[in-house]
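These notes concern the structure reproduced below.
Protein chains: 2
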Amino acid sequence: MRVDARLNRERILTAAEEVFGELGAQASTEEVARRAGVGVATVFRHFPTKTDLVEATLVRHFDDLVAHARTLATAPAPGPALGDLVTAMVERGATKVTLANLLGAADQVPSGAADAAQRLRDAVDAVLRRAQEAGVARRDVSVDELYFLVRGLTQAAAALPVPTAVSRGAVAVVLDGLAAKR
Amino acid sequence: MRVDARLNRERILTAAEEVFGELGAQASTEEVARRAGVGVATVFRHFPTKTDLVEATLVRHFDDLVAHARTLATAPAPGPALGDLVTAMVERGATKVTLANLLGAADQVPSGAADAAQRLRDAVDAVLRRAQEAGVARRDVSVDELYFLVRGLTQAAAALPVPTAVSRGAVAVVLDGLAAKR
DNA sequence: CAATAAGCGAAGTCGTCACTTCGGATCTTA
DNA sequence: TAAGATCCGAAGTGACGACTTCGCTTATTG
Chain A
2 MRVDARLNRE RILTAAEEVF GELGAQASTE EVARRAGVGV ATVFRHFPTK TDLVEATLVR
62 HFDDLVAHAR TLATAPAPGP ALGDLVTAMV ERGATKVTLA NLLGAADQVP SGAADAAQRL
122 RDAVDAVLRR AQEAGVARRD VSVDELYFLV RGLTQAAAAL PVPTAVSRGA VAVVLDGLAA
182 KR
Chain B
2 MRVDARLNRE RILTAAEEVF GELGAQASTE EVARRAGVGV ATVFRHFPTK TDLVEATLVR
62 HFDDLVAHAR TLATAPAPGP ALGDLVTAMV ERGATKVTLA NLLGAADQVP SGAADAAQRL
122 RDAVDAVLRR AQEAGVARRD VSVDELYFLV RGLTQAAAAL PVPTAVSRGA VAVVLDGLAA
182 KR
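Residue numbers (my numbering), protein chains in the order written: chain A, 2 to 183; chain B, 2 to 183.
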């Protein structure tokens, strides 16, 4: 692959992340191209369909979160680690959830995104289990439920322009409900 | 207004509720017309823009919830009433939230929907305050946060068909976090 | 029951957006 | 450094969806 091609690919991904974050998932491919400083044809050469572009953006984002989760899985304090993870997912994912919605709306869920989501699920699972074994998280909560909660918080946060006292408070309530009963 | 016009209006609203619930917010107006058994022109005569149609559907749904909330505001047990309300909003609203997203994406938030949302907020506020005064809900939670949580849970439930057990579990966690500390 | 006003649907128009084509510019390698 | 492969952007194309027009139908009213 030529160096200019690789550079453009990188520029497109970065632009897609910005544009979809600001304009929402229905932003046009042409807007992404404009922001990246390339022609539309270049975008389509790298990502044959719009779904491919969205998928690539999502996978990149998910893998970031996976790395973060794996670090937290070996952190000294399992309880705060779980809290950190939830907060990070909500705040960093806020702009990306609309993308996931677009993907969900498509008839077929692309395998690449599904794989990345699975990796993230597993990493979150590890953090949760560790907190449960340390006795600082309810044992009757499954990853599915935690995932559901995080997804919900993230989606609600995405509606707001900036993380606010309200979203922080809501996260606090959930973390409190997640904590082991005293 | 002629009786056939009123009947058609009713049919259109019902169809819109179904279609947007099943196909998502980006479903076409023509699909709504087909489902209602009328021509597209009829839909546009009753609701000049698609936004108007979405708004009308939302207002109807919100007002249903407002009625429910007002009933619960005078229920004998304030704690379970709050739980009931949250559950009802999440489960009944699941198909409707995508509509709210579409509205939010539009440049202008129609005043009608904003008013209905305000009425709902006030009704929920009443139920929450009553639970707090009865000492069964945390006092450091505001309506804003509760609303945020419900919105998130509903959106997550709407996004993809989730097993009821999972959404119920997640709601339980939130309600637990909402309960007064022991 | 006839006149009339309101309502209705079929067949458009217009703009937008995902995706393609092709002639020219640019990087690579011998 | 020059041949040649690779990459690029400007200008399409075709489909789809929001919204309009108009001739016909149907409910209302004196």
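We put the beta carbon where it would ideally sit given N, CA and C, even for glycine. If you're wondering where the values come from, they're calculated on a predicted model, not measured in any experiment.
Integer Cβ distance of residue i from residue j, believed to fall under 8 Å
{"i": "LEU54(A)", "j": "PHE63(A)", "result": "So it is not a contact: roughly 15 Å between Cβ atoms."}
{"i": "LEU179(A)", "j": "VAL142(A)", "result": "6 Å"}
{"i": "GLU31(A)", "j": "VAL41(A)", "result": "5 Å"}
{"i": "VAL137(B)", "j": "GLY80(B)", "result": "4 Å"}
Counterpart residues of residue i in DSSP-defined beta bridges
{"i": "ALA138(B)", "result": "ALA180(B)"}
Cα-Cα separation, residue i to residue j
{"i": "ALA181(B)", "j": "GLY84(B)", "result": "13 Å"}
{"i": "VAL91(B)", "j": "ALA37(A)", "result": "40 Å"}
{"i": "HIS69(B)", "j": "THR75(B)", "result": "11 Å"}
{"i": "VAL87(A)", "j": "LEU66(B)", "result": "30 Å"}
{"i": "ARG7(A)", "j": "LEU14(A)", "result": "11 Å"}
{"i": "VAL144(A)", "j": "VAL128(A)", "result": "10 Å"}
{"i": "LYS51(A)", "j": "THR155(A)", "result": "23 Å"}
{"i": "VAL39(B)", "j": "ASN9(B)", "result": "8 Å"}
{"i": "ALA118(A)", "j": "GLY153(B)", "result": "19 Å"}
{"i": "ASP23(A)", "j": "LEU59(A)", "result": "The sequence shown places Glu at residue 23(A), rather than the Asp named in the question. Distance between the alpha carbons of GLU23(A) and LEU59(A): 15 Å."}
{"i": "ARG140(B)", "j": "ALA159(A)", "result": "26 Å"}
{"i": "GLY113(B)", "j": "ALA132(A)", "result": "46 Å"}
{"i": "ARG61(A)", "j": "VAL172(B)", "result": "30 Å"}
Check: residue i C-beta below 7 Å from any heavy atom of the ligand COA
{"i": "ARG122(B)", "result": "You won't find the ligand COA in this model; it holds no ligand whatsoever."}
Proximity test, Cβ basis, 8 Å: residue i and chain A
{"i": "SER168(B)", "result": "yes"}
{"i": "LEU179(B)", "result": "yes"}
{"i": "GLY153(B)", "result": "yes"}
{"i": "ASP145(B)", "result": "yes"}
{"i": "PHE21(B)", "result": "no"}
{"i": "VAL68(B)", "result": "Note on identity: in this sequence residue 68(B) is Ala, with Val being the wrong assignment. False, the Cβ-Cβ gap to chain A never drops below 8 Å."}
{"i": "VAL87(B)", "result": "no"}
{"i": "VAL163(B)", "result": "yes"}
Within-8 Å CB hit, residue i to chain B
{"i": "GLN156(A)", "result": "yes"}
{"i": "VAL174(A)", "result": "yes"}
{"i": "PHE63(A)", "result": "no"}
{"i": "LEU150(A)", "result": "yes"}
{"i": "ALA115(A)", "result": "no"}
{"i": "ALA171(A)", "result": "yes"}
{"i": "VAL39(A)", "result": "no"}
{"i": "VAL142(A)", "result": "yes"}
Open item on the list: For a minimum of 3 consecutive residues, which ranges assigned as the beta strand (DSSP E) are wholly contained in the region 33 to 58 of chain A?
Closed with: none
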